[in-house]
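Chemist: Can you keep this structure in mind? I'll have questions shortly.
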Amino acid sequence: MKENSITGQLPLWIGQLVTLRTLDLSQNKLWGGLPLEYGNLLNLVNMYLWENELSGFLPSEWNGLVNLEILQMGHNYLTGNIPNWLSELPKARDVVFSRNQFYGPASNLTKLIVNGNFTSAISRWLFDCNYLEGDWPTFNVPTVQVKYFSNCWNNETDGCATIGCNQNATQDTPSNCSRIYNCPNFFEERRVSQFIECSPCPPSQFITDGTRCVCGRDRVDKVSKTPVEALIGGVVGGIVVIIFAAILIILICRRKPALKYQQFGRKYEGIGDPWTVPKDLDRFTLQELERATNNFSEEYFIGEGGFGKVYRGVLPDGKVVAIKCASNEGAQGQTEFRNELALLSRLHHRHLCALEGFCDEDGLQLLVYEFMVNGDLHQNLFGKSSLNAAQRFEVAVGIARGLDYLHSFANPPVIHRDIKPSNVLLDEYNVAKLADFGISKATPELHTHISTRPVGTIGYLDPDYFRTNQLTIASDVFAFGIVILELVTGQRVFDTSRLNGINLTDWVIPKFKEGGIHAIIDPRLSETNYDATLFTNLTEVGLKCSKIDRNDRPTMKEVLTILEPYASRALKENSSSLNPKWSTEYFKNKSLFEDSRQFAPNSMNGKPYNSGESSINSHDTNCFSTEASEDLAALKAGFDFEAVFREIL
Numbered sequence: 000m001k002e003n004s005i006t007g008q009l010p011l012w013i014g015q016l017v018t019l020r021t022l023d024l025s026q027n028k029l030w031g032g033l034p035l036e037y038g039n040l041l042n043l044v045n046m047y048l049w050e051n052e053l054s055g056f057l058p059s060e061w062n063g064l065v066n067l068e069i070l071q072m073g074h075n076y077l078t079g080n081i082p083n084w085l086s087e088l089p090k091a092r093d094v095v096f097s098r099n100q101f102y103g104p105a106s107n108l109t110k111l112i113v114n115g116n117f118t119s120a121i122s123r124w125l126f127d128c129n130y131l132e133g134d135w136p137t138f139n140v141p142t143v144q145v146k147y148f149s150n151c152w153n154n155e156t157d158g159c160a161t162i163g164c165n166q167n168a169t170q171d172t173p174s175n176c177s178r179i180y181n182c183p184n185f186f187e188e189r190r191v192s193q194f195i196e197c198s199p200c201p202p203s204q205f206i207t208d209g210t211r212c213v214c215g216r217d218r219v220d221k222v223s224k225t226p227v228e229a230l231i232g233g234v235v236g237g238i239v240v241i242i243f244a245a246i247l248i249i250l251i252c253r254r255k256p257a258l259k260y261q262q263f264g265r266k267y268e269g270i271g272d273p274w275t276v277p278k279d280l281d282r283f284t285l286q287e288l289e290r291a292t293n294n295f296s297e298e299y300f301i302g303e304g305g306f307g308k309v310y311r312g313v314l315p316d317g318k319v320v321a322i323k324c325a326s327n328e329g330a331q332g333q334t335e336f337r338n339e340l341a342l343l344s345r346l347h348h349r350h351l352c353a354l355e356g357f358c359d360e361d362g363l364q365l366l367v368y369e370f371m372v373n374g375d376l377h378q379n380l381f382g383k384s385s386l387n388a389a390q391r392f393e394v395a396v397g398i399a400r401g402l403d404y405l406h407s408f409a410n411p412p413v414i415h416r417d418i419k420p421s422n423v424l425l426d427e428y429n430v431a432k433l434a435d436f437g438i439s440k441a442t443p444e445l446h447t448h449i450s451t452r453p454v455g456t457i458g459y460l461d462p463d464y465f466r467t468n469q470l471t472i473a474s475d476v477f478a479f480g481i482v483i484l485e486l487v488t489g490q491r492v493f494d495t496s497r498l499n500g501i502n503l504t505d506w507v508i509p510k511f512k513e514g515g516i517h518a519i520i521d522p523r524l525s526e527t528n529y530d531a532t533l534f535t536n537l538t539e540v541g542l543k544c545s546k547i548d549r550n551d552r553p554t555m556k557e558v559l560t561i562l563e564p565y566a567s568r569a570l571k572e573n574s575s576s577l578n579p580k581w582s583t584e585y586f587k588n589k590s591l592f593e594d595s596r597q598f599a600p601n602s603m604n605g606k607p608y609n610s611g612e613s614s615i616n617s618h619d620t621n622c623f624s625t626e627a628s629e630d631l632a633a634l635k636a637g638f639d640f641e642a643v644f645r646e647i648l
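In terms of numbering that gives the first Met the number 0, the sequence shown opens at residue 0 and continues consecutively.
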């Protein structure tokens, strides 16, 4: 079933095909984790899962695949240390994990190559383009093709490193070894697949694994020229520059200047130092975006956020995009804007809204994103048409996956800082994608954050921020918890008409403790056959995440250990105990593959979580409850919350 554009996650039921010998799902669009159940395929000989969007760790349960000979899983998003069990596969002869996100010391790789249980038939062991680190591995296995370049070795110099070279070469050996550019972030540039030629190795070495390198980085070859050729080239180049400058001056003089700056925000002065546009981004001209939006007309206007106005645009090839135009408040300096572009261009995940390009012409700041046809979660949750139970749970899991990527896999880690329903967009299949995220290192100092907008939204803003003046990844966890409660209840975070709790958590906690999930579930779902156990656990996750003390909140990775198994369960049960509408409205466009990721039992921080435990906190009418609780009392000690909120509001 290779190369069939199959989407979705790997199915669990394949793990029951115990006589299966070959599994080939390569070159599809599969995503998600690797099923533990595939460790039952004791007769499997060949597994081809390369060039998909698979993520997560290699399951230790796969260590029993004793008949496996070919394991090709390159061009994915797999992560973690290289597991020791790979060296315990007695028949493995072709192991390919190129272009993933594996990390850890080189000693693991060296140990596997040198001490691994190799047979005489082994042919390839490829770990190029990952995040392996430490000293450059040193070993020599002449009969094995080994690639481990484009990692993070300490002893690489000038961005290049000699690879595949045998130091014991003889004079009769060809000297066509290659030097490879170091690309530690290559996996984030996987859309660029071109090969380039590199400088040769020293003459005393020879290649054992090919003569090409794979960075796709631009390089200008040095070509010798005669003085006459150089002179002619200089004259022609000078003429071209003069003509270009004259045309540019004419265009600038004819341009209507003032309106655009007033509409989209201030411009920065000067062009600064030379700047290389991030490889995966398109640099649009202002004229192209004006044509795409009919000169930014009101009919193309979508809305306005912290960064500025947002327009729908249609590019010449028919592709629909969302164009965000920085306002005076959202605009940054030139350097900050370029830094943010560089960082945004490196973030690629199924649950992040993809940045397609930008425009910085005349100092304007416009960002071009993929267009989400189903709008944002706020519209879908509180508008006329609402999401069904399955869709809500999938949205919750999608947000968690996106945040886990930002917190755990982005380099540097990213704090979204403004998680709320209007910043969660839905594509044509209602897959959740995080939008409008600012970039920042996970450092405690607020002034170190790079951001295109204000910090946070009241109701979703970490309560601990008012005490510490710091935002951390735990701040995103708090906002995620509030969004979860909105998904379950269909209630807004603040509602003055709501009895016994203007703040959502004040309303949820006593009702949930006394009446369970049926007392708080969105009435629009109560008539459907929703899974009460699933939504009970989802509510408990939301309450745990929205605790006032950030130290009591789980990480997003811990959240996923709770939610992922239930996502799989929801998909399995949709044809029986769950809402029949799921299969007609939701699953008709979904993959034939069901969720298969399995994680730890239902616990957080190693402790069972009880929805009625006393440490669940209340909040007041602005952000916290006027009712006293132990957590709130501890937090208020020595701190005037009322003064803070008067100033904010």
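Here a beta-carbon is modelled for each residue, glycine too, at the ideal position from N, C-alpha and C. Please read these numbers as outputs of a predicted model, since none were measured by experiment.
1) Note the first and the last residue of the continuous beta strand (DSSP E) segment covering I322.
2) What is the DSSP secondary structure of M555, reduced to helix, strand or coil?
3) In this structure, does DSSP put Y428 in helix, strand or coil?
4) Checking 8 Å against the spacing of the C-beta atoms, do A291 and G312 come in under that value?
5) Work out the CA separation of M0 and L24 for me, nearest whole Å.
6) Alpha carbon to alpha carbon, how far is H74 from Q364?
7) State the start and end residues of the unbroken alpha helix (DSSP H) segment that holds K543.
8) So, at 6 Å on beta carbons, what are the nonlocal neighbours of V396 in its own chain, with the 5 sequence-adjacent residues on each side left out?
9) According to DSSP, is F126 part of a helix, a strand, or is it coil?
10) For the beta strand (DSSP E) that contains V94, what are its first and last residues?
11) Can you check which of these residues, T18, P412, A399, G514, is closest to L41 by C-alpha distance?
12) K512 lies in the alpha helix (DSSP H); which residues open and close that run?
13) Could you pull out every residue in the same chain whose Cβ sits closer than 7 Å to the Cβ of S407, ignoring the five residues on either side in sequence?
14) Kindly indicate which residue of Y529, S545, N528, F465 has the alpha-carbon position closest to the one of E485.
15) Leaving out five residues on either side along the sequence, give the residues of the same chain with a beta carbon under 8 Å from the beta carbon of E355.
16) Pick out the complete beta strand (DSSP E) segments inside the segment 352-395, 3 residues or longer, and give them in chain order.
17) When we look at the beta-carbon of W506 and count the other beta-carbons within 10 Å, is it buried (16 or more) or exposed?
18) Give the range of the alpha helix (DSSP H) segment to which Y464 is assigned.
19) Kindly indicate the opening and closing residues of the beta strand (DSSP E) around S665.
20) The beta strand (DSSP E) spanning E289 covers which residue range?
21) In the DSSP assignment, find the unbroken beta strand (DSSP E) run with R311 in it and report its ends.
22) Report the partner residues of T6 according to the DSSP bridge assignment.
23) So, is N153 buried or exposed, given that buried needs 16 or more other C-beta atoms within 10 angstroms?
24) Which partner residues of Q100 appear in the DSSP bridge assignment?
25) To the nearest whole angstrom, what separates the beta carbons of D494 and R549, a pair I think is in contact under 8 Å?
26) Residues in its own chain within less than 6 Å of V94 by CB, not counting five upstream and five downstream?
27) Can you give me the C-alpha to C-alpha distance between V276 and A341, rounded to a whole angstrom?
28) Distance, Cα to Cα, L503 vs V309?
29) Helix, strand or coil for I69 per DSSP?
30) In angstroms with no decimal places, state the Cα-to-Cα distance between S496 and F381.
31) Count the other CB atoms within 10 Å of the CB of I231; is the residue buried (16 or more) or exposed (fewer)?
32) Are the beta-carbon atoms of A91 and L53 separated by less than 8 Å?
33) Alpha carbon to alpha carbon, what distance is there between D521 and M371?
34) F669: which of L88, E87, P89, T78 sits nearest, CA to CA?
35) Which residues in the same chain have their Cβ closer than 8 Å to the Cβ of Q375, if we skip the five residues on either side of it in sequence?
36) Could you say which of F357, L533, L346 lies nearest to Y76 if we only look at CA atoms?
Modeler: From the atom records:
1) Walking along the sequence shown from the start, residue 322 turns up at place 323. Where I322 is concerned, the enclosing beta strand (DSSP E) stretches over 319-325.
2) Your numbering for residue 555 matches position 556 in the sequence shown. The answer is helix: DSSP assigns M555 an H, G or I state.
3) As a working mapping, residue 428 is identified with position 429 in the sequence shown. Three-state DSSP puts Y428 in coil, outside helix and strand.
4) Position 292 of the sequence shown holds residue 291. Position 313 of the sequence shown holds residue 312. The answer is yes: Cβ separation under 8 Å.
5) Locating residue 24 in the sequence shown gives position 25, where the first residue counts as 1. Locating residue 0 in the sequence shown gives position 1, where the first residue counts as 1. Answer to the nearest angstrom: the Cα atoms are 5 Å apart.
6) Numbered from its first residue, the sequence shown carries residue 74 at position 75. Numbered from its first residue, the sequence shown carries residue 364 at position 365. About 33 Å.
7) Taking the sequence shown and counting its residues from 1, the one referred to as residue 543 is at position 544. K543 -> alpha helix (DSSP H) spans 531-544.
8) The count along the sequence shown starts at 1 and reaches residue 396 at position 397. Excluding residues within five positions, the ones whose Cβ falls inside 6 Å are L562, A566.
9) By 1-based counting over the sequence shown, the position of residue 126 is 127. F126 falls in the coil class under three-state DSSP.
10) Here residue 94 refers to the residue found at position 95 of the sequence shown. V94 -> beta strand (DSSP E) spans 93-95.
11) Stepping through the sequence shown from its first residue, residue 41 is reached at position 42. Residue T18 is the option with its Cα nearest to L41.
12) Residue numbering aside, residue 512 sits at position 513 when the sequence shown is read from its first letter. Counting along the chain, the alpha helix (DSSP H) containing K512 begins and ends at 503-514.
13) Along the sequence shown, one-based indexing puts residue 407 at 408. These residues qualify, in order along the chain: K556.
14) Mapped onto the sequence shown, residue 485 falls at position 486. For E485, the nearest C-alpha among the options comes from S545.
15) For the purposes of this step, residue 355 is taken as the residue at position 356 of the sequence shown. Only L280, D281, V320, V367, Y368, E369 meet the Cβ criterion.
16) 354-358, 365-369
17) On the sequence shown, residue 506 is found 507 positions in, with the first residue counted as 1. Per the 10 Å Cβ criterion, buried.
18) Translated into positions along the sequence shown, residue 464 becomes position 465. Unbroken alpha helix (DSSP H) run through Y464: 464-467.
19) Residue 665 lies beyond the stretch modelled for the chain, which goes from 0 to 648, so this question has no answer here.
20) Position 290 of the sequence shown, counted from the start, is the residue given in the question as residue 289. That residue, E289, is in no beta strand (DSSP E); its alpha helix (DSSP H) goes 285-291.
21) Counting from 1 along the sequence shown, the entry for residue 311 is found at position 312. Residues 307-313.
22) Your numbering for residue 6 matches position 7 in the sequence shown. K28, per the DSSP bridge assignment.
23) Sequence index remark: in the sequence shown, residue 153 carries index 154 (1-based). Bear in mind that the predicted position of N153 carries a pLDDT of just 47, short of 50, making it too unreliable to give a figure here.
24) Taking the sequence shown and counting its residues from 1, one reaches residue 100 at position 101. For Q100, which the question treats as bridged, DSSP gives the partners T78.
25) As a position in the sequence shown, residue 494 is number 495, starting the count at 1. As a position in the sequence shown, residue 549 is number 550, starting the count at 1. Not quite, the Cβ-Cβ distance comes to about 26 Å (not below 8 Å), so this is no contact.
26) Numbered from 1 along the sequence shown, position 95 holds the residue referred to as residue 94. Excluding positions up to five away in sequence, the list reads L70, W124.
27) Numbered from its first residue, the sequence shown carries residue 276 at position 277. Numbered from its first residue, the sequence shown carries residue 341 at position 342. The straight-line gap from Cα to Cα measures roughly 8 Å.
28) Here residue 503 is taken as the residue at index 504 of the sequence shown, counted from 1. Here residue 309 is taken as the residue at index 310 of the sequence shown, counted from 1. Whole-angstrom Cα-Cα distance: 29 Å.
29) As a working mapping, residue 69 is identified with position 70 in the sequence shown. Strand.
30) Locating residue 496 in the sequence shown gives position 497, counting from the first residue. Locating residue 381 in the sequence shown gives position 382, counting from the first residue. Roughly 15 Å between the two C-alpha positions.
31) The residue you call residue 231 lines up with position 232 of the sequence shown. The residue in question, I231, is exposed, as its Cβ has fewer than 16 Cβ neighbours within 10 Å.
32) In the sequence shown, the residue the question calls residue 91 occupies position 92. In the sequence shown, the residue the question calls residue 53 occupies position 54. No, the pair does not count as a contact, with Cβ atoms beyond the cut-off.
33) Position 372 of the sequence shown holds residue 371. Position 522 of the sequence shown holds residue 521. Each residue's alpha carbon lies about 25 Å from the other.
34) Beyond the ends of the chain as shown, which are 0 and 648, falls residue 669; an answer cannot be given.
35) To locate residue 375, count along the sequence shown from 1; it is residue 376. A small correction: the amino acid at residue 375 is Asp; Gln does not occupy that position in the sequence shown. These residues qualify, in order along the chain: P420, S421, N422, V423, L424, L425, A434.
36) Taking the sequence shown and counting its residues from 1, one reaches residue 76 at position 77. When only C-alpha atoms are compared, the closest one is L346.
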